[in-house]
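So the sequence shown is numbered by the numbering used here: it starts at 20 and just counts up by one.
Here's the structure, in structure tokens; my notes come after.
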Amino acid sequence: MKFFVGIVPPPDIYNQLQQIQNQFGDNRLEPHITIRPPISPLQLDPWLQTIKAMSAAFKPFDIHLPGTGFFGDRVLFVNVQSPGLKQLYDLLIPALQPFEKEEPGKGDDSFHPHLTLGRKWCGFTIEDFAAMKLLADDYLQASPVSFKVTQIRIYYKPDNHGRFEVYRDVSLSNDWWHRS
20 MKFFVGIVPP PDIYNQLQQI QNQFGDNRLE PHITIRPPIS PLQLDPWLQT
70 IKAMSAAFKP FDIHLPGTGF FGDRVLFVNV QSPGLKQLYD LLIPALQPFE
120 KEEPGKGDDS FHPHLTLGRK WCGFTIEDFA AMKLLADDYL QASPVSFKVT
170 QIRIYYKPDN HGRFEVYRDV SLSNDWWHRS
């Protein structure tokens with residue numbers, strides 16, 4: 020079974036981005052920002068407990084979505100700006116690695132936070148990407164699109180042929196206003 024960790028935007032942003040996606044196809048997963056790409060934990064309980072403990076000690080942070088970008092001609096995404104997200108990533112990934120199976124060709128040497136709008140392998144075309152980009156940029160540039168992250172989401176894929184599904188949400192520190 021594979022798992023990954025992400026952030027889901029609040030309903031207003033989520034619904035707007037989902038509406039843009041749905042006009043052109045099925046992205047096979049809800050709008051999200053990946054923190055930990057898909058991995059097969061060797062020890063699921065310690066892996067989950069590490070996420071829970073790290074989240075409980077991490078204060079909520081802001082994310083800003085300034086515009087769109089591409090990974091070649093394969094992926095259209097929304098850029099993500101957030102020092103807090105990078106800090107969470109830098110703490111969480113090394114803490115999880117002792118409980119994860121090493122997968123050849125899957126390195127974590129570069130973290131480029133983004134929210135995927137469409138992927139070529141899901142059936143989106145270059146024309147779809149161009150139209151989606153215009154709609155997304157209009158939305159993102161009409162007024163600043165930002166939100167506070169108060170929880171992360173764990174996804175799982177029960178088998179190699181299905182889709183990732185929501186496993187559980189994990190709250191960030193609920194006493195964050197007492198921390199500096």
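The beta-carbon is built from N, C-alpha and C at its ideal position, and this holds for glycine as well.
In this text the structure is predicted, and so the values were computed from the model without any measurement.
Collapsed DSSP secondary structure at residue i in the structure displayed
i	result
asparagine 34	helix
glutamate 204	Shown here, the chain extends from 20 to 199; a query on residue 204 therefore has no answer.
aspartate 127	With a pLDDT of only 49 at aspartate 127, under the threshold of 50, the placement of this residue in the model should not be trusted, and no figure is reported.
lysine 105	helix
asparagine 41	helix
lysine 78	coil
proline 113	helix
aspartate 156	helix
Option nearest residue i by Cα separation, candidates the options
i	options	result
leucine 61	Val94, Glu49, Phe90, Phe22	Phe22
glycine 88	Gly181, Phe166, Lys152, Pro177	Lys152
aspartate 147	Gln42, Asp188, Pro30	Gln42
arginine 187	Phe118, Gly181, Tyr175	Tyr175
Contacts around residue i, its chain only, beta-carbon distance under 7 Å, and the 5 residues preceding and following it disregarded
i	result
proline 85	Asn98, Gln100, Leu159
cysteine 141	Gly44, Asp45, Asn46, Arg47
Contact check, residue i vs residue j, beta carbons under 8 Å
i	j	result
proline 192	glutamine 170	For clarity, residue 192 is serine in the given sequence; the question names proline instead. No, these two residues do not count as a Cβ contact at 8 Å.
glycine 137	phenylalanine 143	yes
valine 168	isoleucine 26	yes
proline 132	leucine 107	no
Residue i, enclosing alpha helix (DSSP H) - first and last residue
i	result
phenylalanine 143	First-last for phenylalanine 143: undefined, no H or E at that position.
serine 74	63-75
Any non-hydrogen atom of the ligand NAD within 7 Å of residue i CB
i	result
lysine 21	The model depicted lacks the ligand NAD and carries no ligand whatsoever.
Spatial neighbours of residue i in its chain, beta-carbon cut-off 6 Å, leaving aside the 5 residues before and after
i	result
glutamate 121	none
Residue i: first and last residue of the uninterrupted beta strand (DSSP E) it sits in
i	result
aspartate 188	184-190
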